[in-house]
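Structure first, then comments.
There are 2 protein chains.
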Amino acid sequence: MRQPQTLLDIPTPALIVDVAALERNIQRMAAFFASGPCRLRPHFKAHKTPEIARRQLAAGSCVGLTCATVSEAEMVAGLTDDILIANEIVGPGKCERVAKLAERHNVTIAVDSVAGLEAMSAAAIKDGVTVGVLIDLNVGQTRCGLTPGLDALALARRVALLQGVRLRGVMGYEGHLQPIRERAERERRTREAMAALVATARLIEGDGLPCDVVSGGGTGTYDISGRVPGVTEIQAGSYVLMDSDYGSLDLPFEQAFHLLGTVVSRPDPGRCVADCGHKSATKDHGNPVVDGMEGATVLSLNDEHATIGLPAGSRIAVGDRVRLRPSHTDPTVNLHDVFYAIEGERVLDVWPIAARGYPEHRAVISRL
Amino acid sequence: MRQPQTLLDIPTPALIVDVAALERNIQRMAAFFASGPCRLRPHFKAHKTPEIARRQLAAGSCVGLTCATVSEAEMVAGLTDDILIANEIVGPGKCERVAKLAERHNVTIAVDSVAGLEAMSAAAIKDGVTVGVLIDLNVGQTRCGLTPGLDALALARRVALLQGVRLRGVMGYEGHLQPIRERAERERRTREAMAALVATARLIEGDGLPCDVVSGGGTGTYDISGRVPGVTEIQAGSYVLMDSDYGSLDLPFEQAFHLLGTVVSRPDPGRCVADCGHKSATKDHGNPVVDGMEGATVLSLNDEHATIGLPAGSRIAVGDRVRLRPSHTDPTVNLHDVFYAIEGERVLDVWPIAARGYPEHRAVISRL
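Listed in order, the protein sequences are those of chains A and B. FYI, the numbering for the first sequence is 67 to 434, going by our numbering. FYI, the numbering for the second sequence is 67 to 434, going by our numbering.
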């Protein structure tokens with residue numbers, strides 16, 4: 067297929083990104099961190115798109131990139147020298163791949179177990195490299211991570227005893243606080259969570275161990291966590307594209323991407339059906355929002371179909387386009403292989419979402 | 067990466083399919099339809115995997131394949147001559163692609179609007195081909211489709227007046243009835259829905275128009291709809307792999323696929339965290355179910371993590387594998403690029419989920 071020239075040429079469903087809005091989001095976030103001392107480490111998992119990461123780094127204020135997976139880290143290796151994989155790395159081949167990456171890059175991973183730490187150490191020793199380590203702390207989300215305080219100190223001491231790994235600091239993601247609507251409560255609880263993180267960093271340093279990095283934060287709390295003394299970097303990702311969930315907070319970022327669909331059915335006056343269903347946008351944060359069509363709402367999102375309730379008198383017809391604002395950026399982008407980069411109605415470029423899904427499995431079939 | 071030899075070699079998260087269980091599901095469904103007169107038209111959208119479709123066709127009782135999208139139809143063109151795209155086809159290039167496919171195959175699409183019908187007719191005329199048409203009826207799901215009866219007859223008459231399109235029959239998907247737990251109610255309402263479909267087919271025939279195909283059904287209703295006199299084919303898809311949602315019904319099919327994950331964190335006695343999150347399994351039909359680990363349940367499914375509640379005394383450790391039974395087959399499979407085909411612990415083969423996502427967009431970047 068030829069590259070589409072305008073919005074009208076794009077087969078649907080498809081993701082479109084407004085390049086000007088994206089750039090404004092990037093610049094606003096970079097400006098916030100320009101004065102330091104805390105820096106930005108944009109999270110690649112939100113968009114998995116090298117071209118967007120390149121633009122984030124080009125805007126400045128970045129200490130490197132954050133990734134969620136080893137595959138993502140492999141994908142950004144050409145873009146930055148400083149890569150944090152902000153997750154525990156466990157499983158066949160994973161530590162070996164991190165070690166390989168550490169041959170040429172400054173790579174850091176999160177750890178919260180002796181088993182995970184020792185596996186990384188062994189792979190790094192075998193490869194003759196050193197991998198950075200952040201102790202992952204549970205700052206209230208209760209997913210991965212150790213309790214702040216003495217448990218973390220014990221694991222930090224363990225790092226110091228091993229070869230192939232180097233203690234760099236601590237991290238803790240206040241994911242549970244990102245969506246709090248009330249600003250004062252979000253501020254109060256975020257400061258509490260970050261205080262526990264910073265206190266543990268000081269505890270580790272007090273023990274004579276290095277703890278230069280204190281990493282946390284997200285799009286909903288970047289300006290709170292990013293001003294807590296002692297926090298050194300913020301892992302925000304969604305700000306660059308935004309979604310209807312973050313859009314309901316008091317954030318200075320614009321909706322920069324949409325799901326483009328086509329009306330395929332107009333069975334009655336109050337309803338149309340578009341071809342952009344649940345295989346093209348997740349609904350874990352609610353149904354997508356219809357943009358640019360007053361009074362229209364997504365009534366249901368089935369695998370292949372968005373059923374849209376229409377206001378009285380709507381003249382939308384079969385073949386018309388609809389634009390949906392996804393409710394959750396990361397898993398929605400993960401459904402797609404490309405962004406169509408647009409300016410108004412014009413398609414400027416097509417950006418591969420190169421780290422979509424699990425590239426290691428695609429590598430297996432490409433060798434069959 | 068080399069092809070994994072055993073389950074232990076597979077990087078996670080990954081989909082695994084038990085080939086023996088899959089084959090038993092295929093054979094059971096084929097046996098049900100072997101006696102006719104109703105036939106099976108397996109729905110490709112459930113798995114998007116050519117190797118699985120090949121096995122379904124090889125088992126017999128099939129009249130062809132059902133697809134949800136033009137891309138899927140293009141993907142199965144080498145497997146069968148008789149392809150139904152059970153959706154309205156609208157949007158840039160879509161009708162042209164269907165026409166192209168109809169140069170060498172017997173292709174049928176669903177229509178529920180004059181606009182959609184005329185677009186298909188125009189593209190078919192231009193290409194010098196004929197495309198089959200089923201009038202899509204709303205049998206209660208209230209998504210696409212015309213009201214059974216006179217509206218459908220009016221559109222059928224319109225088909226008969228146009229070149230490039232040929233009326234083949236009617237279709238109606240009783241999707242809203244698939245999940246009804248109580249068998250007697252599911253039977254009663256499915257028979258009602260199919261009666262409306264068959265009655266409209268007879269109305270159209272009574273008008274002197276051809277109406278040989280009456281297509282409907284799914285995994286939850288195949289044995290009900292498939293025995294309603296006048297229904298000629300059933301579009302079931304999920305039966306071949308199954309999920310926890312269909313697994314709660316009284317169906318004779320086995321769970322044939324799982325999401326394989328690795329425990330990356332074991333932060334406290336009551337909880338572990340695995341690397342198979344919402345980017346690897348959807349939760350639109352609920353959280354996945356933990357198989358093979360008594361008393362364990364998925365507490366939350368975040369983008370990259372499944373947090374699993376553990377029974378007292380659980381000895382699961384970092385590095386252990388977990389198997390999750392997804393709650394909804396179709397959108398979960400759509401997140402992955404391959405199935406690892408297994409027999410016990412052994413990896414027999416790797417099957418590309420070739421129609422995952424939107425292949426037309428991948429075609430754009432492959433030409434950049």
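The C-beta atom is built at its ideal place from N, Cα and C for all residues, glycine as well.
Check: Comparing alpha-carbon positions, which option in B/G296, B/A259, B/A261 lies nearest B/C277?
Finding: Distance check between B/C277 and each of B/G296, B/A259, B/A261 places B/G296 closest, using alpha-carbon atoms only.
Handout entry: Proximal residues to B/N91 (C-beta, below 8 angstroms), its chain only, five neighbours per side dropped
Key = Taking B/N91 as the centre and dropping the five residues before and after it, the same chain places the C-beta of Y305, V306, L307, M308, F319, E320, A322 closer than 8 angstroms to its C-beta, in chain order.
Determine the closest residue to B/Q301 out of B/A372, B/E89, B/C128, with distance taken between C-alpha atoms. With distances taken between Cα atoms, B/Q301 lies closest to B/C128.
### Task
Pick helix, strand or coil for A/T72, following the three-state DSSP scheme.
Reduced to three states, the DSSP call for A/T72 is strand.
- Message: Let me see if you follow: with CB-CB separation under 7 angstroms, is B/Q69 close to chain A or not?
- Response: Yes, because at least one Cβ of chain A sits closer than 7 angstroms to the Cβ of B/Q69.
Practice problem: Could you round the C-beta distance between B/T398 and B/T348 to whole angstroms and report it? I think they count as a contact, below 8 angstroms. | Solution: B/T398 to B/T348, Cβ: 5 angstroms. Contact.
What does a CB cutoff of less than 8 angstroms around B/L86 pick up in its chain, not counting 5 residues either side in sequence? Note that residue 86 of chain B corresponds to Ala in the displayed sequence, not to Leu. Taking C-beta separations shorter than 8 angstroms and ignoring five residues to either side along the sequence, the partners of B/A86 in its chain run E409, following chain order.
Query - Residue closest to B/P103, alpha-carbon to alpha-carbon, out of B/P425, B/A429, B/S366, B/R293 - result: Of the listed residues, the one whose Cα sits closest to B/P103 is B/R293.
Where DSSP assigns a beta bridge to B/G147, which residues make up the other side?
-> For the record, residue 147 of chain B in the displayed sequence is Asp; it is not Gly. Paired residues: none, contrary to the question.
message: On the criterion of 16 or more Cβ atoms from any shown chain inside 10 Å, does B/A190 qualify as buried, or is it exposed?
response: So B/A190 counts as buried.
Check your understanding: Per DSSP, what kind of secondary structure is A/T363 in: helix, strand or coil?
Key -> When secondary structure is reduced to three states using DSSP, A/T363 falls in the strand class.
>> I believe B/T287 touches B/R252 by the beta-carbon criterion, under 8 angstroms. Please report the beta-carbon distance rounded to the nearest angstrom.
In response: Contact between B/T287 and B/R252 holds: their C-beta atoms lie close to 7 angstroms from each other, under 8 angstroms.
Original post:
List, in order along the chain, the chain B residues whose C-beta lies closer than 8 angstroms to that of A/K166?
Top reply: In chain order: nothing, as chain B lies at least about 12 angstroms away.
Q: Pull up the distance between the alpha-carbon of A/K111 and that of B/C342, whole angstroms please.
A: Distance from the CA of A/K111 to the CA of B/C342, rounded to the nearest whole angstrom, comes to 15 angstroms.
Indicate whether at least one CB of chain B lies closer than 7 angstroms to the CB of A/D386. Answer no: the Cβ-Cβ gap between A/D386 and chain B never drops below 7 angstroms.
| message | Counting only beta-carbon separations shorter than 7 angstroms, does A/S187 have a partner in chain B? | response | For A/S187, the nearest beta carbon of chain B is not closer than 7 angstroms to its own beta carbon.
(message) Contact criterion: CB-CB distance below 7 angstroms. Does B/R428 meet it with respect to chain A?
(response) By this cut-off, B/R428 is an interface position.
Among B/L401, B/A97, B/W417, nearest to B/R120 - alpha-carbon criterion: Measuring from the Cα of B/R120, the nearest candidate turns out to be B/W417.
Checklist entry - Short check: CB of A/A185 to CB of A/L167, under 7 angstroms? => result Not in contact: A/A185 and A/L167 (Cβ atoms no closer than 7 angstroms).
**Report entry** Coarse secondary structure for B/V129, derived from DSSP in three states
**Finding:** DSSP places B/V129 in coil when its eight states are reduced to three.
query: Going along chain A in order, which residues have a C-beta closer than 8 angstroms to the C-beta of B/L401?
result: The answer, in chain order, is N400, L401, G423.
**OP:** Run down chain B in chain order and give the residues with a C-beta less than 9 angstroms from the C-beta of A/P158.
**Re:** Under the 9 angstroms cutoff, chain B gives P70, L74, D75, I76, P77, T78, T328.
- Message: To the nearest angstrom, how far is the alpha carbon of B/C210 from that of B/T395?
- Response: Between B/C210 and B/T395, the C-alpha separation is close to 22 angstroms.
Q. At a Cβ threshold of 7 angstroms, is A/C338 touching chain B?
A. Interface criterion not met: the Cβ of A/C338 is under 7 angstroms from no Cβ in chain B.
**OP:** Starting from the Cα of A/A267, find the closest Cα among A/P214, A/E299, A/Y239 and give me that residue.
**Re:** Of the candidates A/P214, A/E299, A/Y239, A/P214 places its Cα closest to the Cα of A/A267.
Task: Neighbourhood of A/T78 by C-beta, 7 angstroms cutoff - its chain only, sequence neighbours within 5 removed - done: Residues of the same chain with a CB within less than 7 angstroms of the CB of A/T78, apart from the 5 flanking positions on each side, are L326, G327, T328, D341, C342 in chain order.
*asked:* Using the Cβ count rule (16 or more neighbours within 10 Å means buried), how would you classify B/G198?
replied: It counts as buried.
inquiry  = By the DSSP assignment, the beta strand (DSSP E) with B/H324 in it spans what residues?
reply    = Here the beta strand (DSSP E) through B/H324 covers 323-334.
| task | Give the interface partners of A/H371 over in chain B, defined as CB-CB distance under 9 angstroms, in chain order. | result | The contact set of A/H371 on chain B, defined by CB atoms closer than 9 angstroms, consists of N153, R209, C210 in chain order.
Say whether chain A places a C-beta atom closer than 7 angstroms to the C-beta of B/D53. Chain B is shown from 67 up to 434; residue 53 of chain B falls before or after that span and cannot be answered.
So what does DSSP say about A/R422, is it helix, strand or coil?
-> Under the three-state reduction of DSSP output, A/R422 falls in the coil class, being neither helix nor strand.
* Could you check the C-alpha separation between B/D217 and B/A421 for me, to the nearest Å? => Rounded to the nearest whole angstrom, the CA to CA distance from B/D217 to B/A421 is 34 angstroms.
**Asked** Exposed or buried, which one is B/S331 when buried takes at least 16 other CB atoms within 10 Å?
**Response** It counts as buried.
**Request:** State the beta-bridge partners of A/V177 as determined by DSSP.
**Result:** Beta-bridge pairing links A/V177 to A/I201.
Exercise. Given a cut-off of 7 angstroms, decide if A/I431 and B/V404 are closer than it, judged by their beta-carbon atoms.
Key: Closer than 7 angstroms, so yes.
message = Taking 7 angstroms as the threshold (beta carbon to beta carbon), is A/A181 in contact with chain C?
response = Of the protein chains in the structure, A and B, none is chain C.
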